[in-house]
Amino acid sequence: MIYLEENLLTKFLKLMSKEISESDLELVPLGRSLGLDLISFSKLRDSQDDEFIDRVRNEALKRLAKSNDNIVSNNYSFYAGSVDFMVSNNPENKEFFLLETNGGSNRGLSILTKKQQAILYDGYYESISQAIAKSKEENEKILVLVGVPFNDGLIHEKVIMVEYLRKKIKFRGYTLKIFNSENYNKEHEAKVVFIISDYKQLSQILSFSNGWFWYQGERVHVLIGDGIARRLNDKKFDELISKDFRRINTIIVNPIFKITDDKSLTYVASFLSKNVLKKYNLKYLIFTKAYDEQDLNHKVKKLIKKNKKSFIIKPSGGSGGAGVIPIFKGEKSEGIIKIIEESKKEFYNKFSRSREPFPYTIQEKADFSLINWENNKHTFDLRIYLAQINDKIVPIGGLARIARGIYTKGLEKQEFVVNLSGYDGKIEVKRGVGFSEENSKLLELKFEDFINAFCLGSVIFKSIIENYNKIMEFSDWGRV
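Numbered according to our numbering, the sequence shown terminates at residue 472, and the numbering increases by one at each position without gaps.
Listed below in structure tokens is the structure:
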């Protein structure tokens, strides 16, 4: 049974079966090869300024190095992801509000420059290199699973990634084959084999035992895309990933998805590193977690009454802003109940009822910075991409994402939901803005602000890794 659109996957494999030139990987020609329109992606990438971003990254790494703020213990795990921040409305001293972290199933990486992608995918290669080093037998084949969402409109990003890794693997002298689930041949002679498949199919084929993922009776050495692991319905795996992911032999990109999926646990990670994060201008917001509808309703009312502030409710493991809705300080009880129902409906419409929106995160609604975009006021956020390189969490680059709706009173969802995919699935790359000297003026940010954002992302990821057990075991949600 084929879940990924057959024509798209066939084009993917056909493209990967030949020698690919640099010009083939340019976004517009690549889109033509796959039947995708990537002109807007190309424009967004062109708005990135490597020289500017290199200066920001280098300065951020210098500051982080002073106290080893981005050093992690490197014991056969690999971390990649992104962190999203909103910016305060203080024009003199910009502070940052943590929105959420995202795991290794990041989408939108094709808007990064080739240089930034090389830094990121060198890290991905490190996970494969670790698997090769761990293999006990000389002739052991290294199986790498690459997961993609069903009918993925961004499958071109997997072409760019796999081709980069293929060249790297061959340069190191290893043989390599690329398959999908339908044409996989166990008799292959290659040292490294990639299998590209969609999450739905993998979730039915994969199993877990003795610390390994298994695919058609073979050990899986590397999972690229934590969306694969997230969808595995296995009690033993769930217990192990929750207690000690380092005991899992398969290298998962990214093994900390239990926390990056859960906004409230991400906020706990920031709370545990608050003294370090203060150096880089993180501003804290009130937050807590609710485990069911009654708990959510009760806590929202209590928070509004006590703090005289507005709050935002966010379902667990969502994306694209699905179910993220503000509840204002003047809202009546009946209105709160309706908003919770609306949030759940949005979530189920996107993910179906097979996925659970609870526990919800409740977070204080901040006063965000507004910018002039297309002659109107809009909110925006900053997404910072990061990856493990050797024993460091390194900020790669990022983009600003501008809200779809014009800001008036902050009453409507579209006024502050900035995801380029949107909760309704539309990809609107034109609302993305690359990092550059010129665009810093549009965003009303200084060079120093970008440095702080890069540092903050690195520290938060380190905190998640180093405090993993403490965060996963945190249960005192009676606290705010």
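C-beta: ideal position from N, C-alpha, C; glycine also.
(request) Pull up the DSSP beta-bridge partners for L374, would you. (result) F77 and A392
(request) Take N267 as the anchor and find which of L448, S432 and Y191 has the nearest alpha-carbon. (result) L448
(request) Rounded to whole angstroms, what's the CA-CA distance from W469 to I328? Just pull it up for me. (result) 20 Å
(message) Counting C-beta neighbours from all protein chains within 10 Å, is the total for G96 16 or more, i.e. buried, or is it exposed?
(response) buried
(request) Measure the C-alpha to C-alpha separation of L(-4) and K300 and round it to an integer number of angstroms. (result) Note that L(-4) scores a pLDDT of 40, beneath 50, so its modelled location is shaky and nothing firm can be said.
(message) With three or more C-beta pairs closer than 8 Å as the rule, is the stretch 44 to 52 touching the stretch 124 to 139?
(response) no
(message) Just to confirm the assignment, what range does the alpha helix (DSSP H) spanning N431 have?
(response) E429 to L434
(request) Kindly indicate which three-state DSSP category G209 falls into: helix, strand or coil? (result) coil
(message) Between which two residues does the beta strand (DSSP E) holding V185 run?
(response) V184 to D190
(message) Is the beta carbon of S119 closer than 8 Å to that of F70?
(response) yes
(message) Using only the alpha-carbon positions, how far apart do L91 and F77 sit?
(response) 5 Å
(request) Using three-state DSSP, classify Y340 as helix, strand or coil. (result) helix
(request) Grab me the residues of N241's own chain with a C-beta within less than 6 Å of its C-beta, minus the 5 sequence neighbours each way, in chain order. (result) G203 and W204
(message) On the DSSP bridge list, what partners appear for N368?
(response) W365
(request) Report buried or exposed for N411, applying the criterion of at least 16 other Cβ atoms within 10 angstroms of its Cβ. (result) buried
(request) For K384, I'd like the list of residues in its chain whose CB is within less than 7 Å of its CB, leaving aside the five on either flank, ordered along the chain. (result) N62 and I63
(message) Excluding the 5 residues flanking L274 on each side, which residues of the same chain have their C-beta closer than 6 Å to its C-beta?
(response) F88 and L448
(request) Check Q380 in the structure and name its three-state DSSP category. (result) strand
(request) Let me know the secondary structure DSSP gives L215 once reduced to three states. (result) strand
(request) Give the single residue among N341, K10 and F44 whose Cα lies nearest to the Cα of I388. (result) F44
(request) Just grab the DSSP bridge partners of S201 for me. (result) W204
(request) Would you list, in sequence order, the uninterrupted alpha helix (DSSP H) runs of no fewer than 4 residues that lie entirely inside the stretch 264 to 326? (result) 266 to 270 and 285 to 299
(message) Would L26 and H148 be called neighbours here (beta carbons separated by less than 8 Å)?
(response) yes
(message) For I(-6) and V185, what's the separation of their Cα atoms in angstroms?
(response) The pLDDT assigned to I(-6) is 35, lower than 50, so where the model puts this residue is not dependable; a value taken from the coordinates is nonetheless given after this. Roughly 20 Å separates the two Cα atoms.
(message) Does the stretch 159 to 172 come into contact with the stretch 183 to 197, if we say contact requires no fewer than three beta-carbon pairs (one atom in each stretch) closer than 8 Å?
(response) yes
(message) Just to confirm the assignment: which complete beta strand (DSSP E) runs, minimum length 3, are found wholly within the stretch 231 to 257?
(response) 243 to 245
(request) Taking only the alpha-carbon atoms, compute the straight-line gap between E366 and K422 and give it to the nearest angstrom. (result) 11 Å
(request) Take the Cβ of Y415 as the centre, count every other Cβ of all protein chains shown within 10 Å, and call the residue buried at 16 or more, exposed below. (result) Residue confidence for Y415 is low, a pLDDT of 49 falling below 50, so the modelled location carries little weight; the figure read from the coordinates is stated next. Looking at its Cβ environment, which holds 16 or more other Cβ atoms inside 10 Å, Y415 is buried.
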